[in-house]
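Participant:
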């Protein structure tokens, strides 16, 4: 097996003359060269070895070029290949050898090298490096830059582990810990545990097909899993056990599972009993929130989440940002053709979170990541999950970005019914800290408060003023007091009011149609690179997968642009062509 041990940064060799001649011979005339060839011709040595030097030592057995491995990982995502398939392609495909500068007889490497490369990249915090290098090269070529328009959307990502219910999770956590300890220190397992008993319960993976159907027996089994888990953890933490066993990830996952799902109580006879936690609404001890709840011992970062009424998944969430060019204001050249056209829409940022993180918590982080790359847009198109009143103001003030996004409408009963006087019908005098109703009456109090961890202002009108009002029924349903308004601080409320006015206009709705194009990017990401199903386990590895997928999608789009071929041309069926011909004749 060939492991990466040390690395001395070197420039990539020029493509082998024999391979280059074969490529030119096979792709002459109107036949366009394949993507790896075009990438090498247009971008040269895209990923220099020095950019990944921090992940490798300077002494020991020399390993494969990390820059080449980065490009191989990108091309692997272009064709959606496994590690073994990618290693085979490096040995057999002339276009890959051309792009990598390999000799015709180069033997390639063992597939395990790719896994080792990813591990080293993650361990040294270089997950973003490949996308950073590509975007920097495109900035040099004038194909991308700060300003303009960008759009962002998110999609769910299913983890690479089996879905487990609470009972399966408890048993599988115990089994995973036993397997890890037995592999790490077989002698400890045979000395401390009664092997026949433990092996009988945890030899096979725990799943519902093997679990009892009776609720009583399932409850007994759940308590048994908990008791076994506590016994195993206590043995690992005993003085006679090696301290390093405690640091095994599977042991730590078992500890978390026990804390989240079990409690130890004393029964009437003074005996310690292991019980499952119950929800607070059932009179129990309570369960942890979804954002903290372990879902599998094999991927401790994955979380259960729901979206709408029909989507429930265990895993992560992916946010993709891309440029959305609509005019010829930014132009480039299509490689060797020299034709000035609008550059393709290119992915500028990817962010990966666990599935429970709301979209609006990522808006500012996405802007920070774009600012670090000096690729902040002037306008950022988002769906309604990303904005808030605070973000409308802070994005403009901190980054100079206008958020083009629908905001939540007034949710008062008057606004929902579209009858009566909603918040917009009242005039706010911020300097005097007073509101005036449509009938000209002034408010009686102005109080600052905190509601749901958000600063707000409560404005009240006197009951003596509201009770005799002739339009009281259109304004408030309060029986005793007067009308009450809840508003935000002045900059936030004014930004919110203006956004609500803007999004009601036809011009804004026509402008906002530009955001819909990001759905095509999501479709391409799913169809080409399979981003909706994680290949790896753990947030860091899943994010690395998404970064390389984004680089792959950018190269696919650039390849189509260099060749002058539009992407995703919709196929027109025979019936549709007849309809179009009929419409043309009618015109």
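Residue numbers (the working numbering): 868 to 1454. Glycine included, every Cβ here is placed at the ideal spot set by N, Cα and C.
1) Excluding five sequence neighbours on each side, which residues of the same chain lie with their C-beta closer than 8 Å to the C-beta of residue 950?
2) Pick from 959, 909 and 946: whose alpha carbon is nearest that of residue 1455?
3) Write down the C-beta distance between residue 998 and residue 1414 rounded to the nearest angstrom, noting that I regard them as a contact closer than 8 Å.
4) Assuming residue 1180 and residue 1023 form a contact by the criterion Cβ under 8 Å, report the distance between their Cβ atoms to the nearest whole angstrom.
5) For residue 1357, collect the residues of the same chain with a Cβ closer than 6 Å to its Cβ; drop the 5 residues on either side in sequence, then sort them by chain order.
6) What runs of the alpha helix (DSSP H), each 4 residues or longer, lie entirely inside the stretch 1290-1339?
7) Can you round the beta-carbon distance between residue 1134 and residue 1405 to whole angstroms, since I take them to be within the 8 Å contact cut?
8) Does the Cβ-Cβ distance between residue 1011 and residue 1242 come in under 8 Å?
9) Compare the Cα-Cα distances from residue 1130 to each of 1279, 985 and 1152 and report the closest residue.
10) Just list the residues that DSSP pairs residue 890 with in beta bridges.
11) What residue ranges within the stretch 1152-1177 form continuous beta strand (DSSP E) runs of no fewer than 3 residues, ordered along the chain?
12) Assuming residue 1099 and residue 1121 are in contact, meaning their beta carbons sit under 8 Å apart, how far apart are those beta carbons, in whole angstroms?
13) Return helix, strand or coil for residue 1429, following the three-state DSSP convention.
14) Distance check for residue 1252 and residue 1225, CA to CA, integer angstroms please.
15) Please tell me whether residue 1127 and residue 1178 are closer than 8 Å, where the distance is taken between their beta carbons.
16) Could you tell me whether the stretch 953-971 touches the stretch 1376-1384, using the rule of 3 or more Cβ pairs below 8 Å?
17) For my contact list, residue 879 and residue 918 are in at a C-beta cut-off of 8 Å; report their separation, rounded to the angstrom.
18) Quick check on the DSSP output: the alpha helix (DSSP H) that includes residue 1004 runs from which residue to which?
19) Hey, could you find the ends of the beta strand (DSSP E) residue 1247 is sitting in?
20) Across the stretch 1316-1334 and the stretch 1342-1353, are there enough close Cβ pairs to call them in contact, namely three or more that are closer than 8 Å?
21) To the nearest angstrom, how far is the alpha carbon of residue 1036 from that of residue 1231?
22) With a threshold of 7 Å on Cβ separation, who are the neighbours of residue 1301 within its own chain once the five nearest residues in sequence on each side are excluded?
23) Just to confirm my understanding: we take residue 1287, look at its own chain, exclude 5 residues before and 5 after, and list those with CB closer than 7 Å. What are they?
24) How long is the line joining the alpha carbons of residue 1203 and residue 1445, rounded to whole angstroms?
25) Where does residue 1223 fall in DSSP's three states?
26) If I measure Cβ to Cβ from residue 1199 and keep anything under 6 Å in the same chain, skipping five residues before and after, which residues do I get?
27) Taking contact to mean at least 3 C-beta pairs separated by less than 8 Å, is the stretch 1040-1055 in contact with the stretch 1102-1116?
28) How about the stretch 1259-1275 and the stretch 1215-1224: do they share at least three Cβ pairs that are nearer than 8 Å?
29) So the candidates are 1046, 1316 and 1238; which of them puts its Cα closest to the Cα of residue 1066?
30) Express the C-alpha separation of residue 1192 and residue 1216 in angstroms, rounding to a whole number.
31) Are the C-beta of residue 960 and some C-beta of chain C separated by less than 8 Å?
32) Mapping DSSP to helix, strand and coil, what is residue 1180?
33) Since residue 1304 and residue 1266 are thought to touch, with beta carbons under 8 Å apart, how far apart are those beta carbons, to the nearest angstrom?
34) Among 993, 986, 931 and 985, whose alpha-carbon lies nearest the alpha-carbon of residue 864?
35) Residue 916 to residue 923, Cα distance in whole Å?
36) Mapping DSSP to helix, strand and coil, what is residue 1046?
Facilitator: By the coordinates alone:
1) 943, 978, 979, 981 and 982
2) This structure gives no information on residue 1455, because the portion of the chain shown stretches from 868 to 1454.
3) Between residue 1414 and residue 998 the Cβ distance is about 5 Å, and since that is below 8 Å, they are a contact.
4) 5 Å
5) Answer for residue 1357: 1297, listed in chain order.
6) 1330-1333
7) Not quite, the Cβ-Cβ distance comes to about 40 Å (not below 8 Å), so this is no contact.
8) yes
9) Of 1279, 985 and 1152, the smallest CA-CA separation from residue 1130 is found for 1152.
10) DSSP output for residue 890 lists no bridge partner at all.
11) For the stretch 1152-1177, the continuous beta strand (DSSP E) assignments of 3+ residues that do not extend past its boundaries occur at 1170-1174, in sequence order.
12) 7 Å
13) helix
14) 8 Å
15) Residue 1127 is not a Cβ neighbour of residue 1178, given a cutoff of 8 Å.
16) no
17) Actually they do not touch by this definition, with Cβ atoms about 12 Å apart.
18) 996-1007
19) Here the beta strand (DSSP E) through residue 1247 covers 1246-1248.
20) Yes: at least three Cβ pairs fall under 8 Å.
21) 35 Å
22) 1309, 1310 and 1313
23) 1281, 1341 and 1342
24) Its pLDDT being 47, under 50, residue 1203 is placed unreliably in this model, and the value from its coordinates should be taken loosely. Cα to Cα, the separation comes out at about 38 Å.
25) Looking at residue 1223 - three-state DSSP - the assignment turns out to be coil, as it is neither helix nor strand.
26) With a pLDDT of 47 at residue 1199, under the threshold of 50, the predicted position of this residue should be treated as unreliable, though the coordinate-derived value follows. If we look at residue 1199 and ignore the five residues flanking it on each side, its Cβ neighbours are 1009, 1010 and 1210.
27) yes
28) no
29) Answer by Cα proximity: 1046.
30) 16 Å
31) The displayed structure is made up of one protein chain only, and chain C is not part of it.
32) In the three-state DSSP reduction, residue 1180 falls in the strand class (E or B).
33) Contact doesn't hold; Cβ gap of about 38 Å is too wide.
34) This structure gives no information on residue 864, because the portion of the chain shown stretches from 868 to 1454.
35) Straight-line Cα distance between these residues: approximately 10 Å.
36) Residue 1046 falls in the helix class under three-state DSSP.
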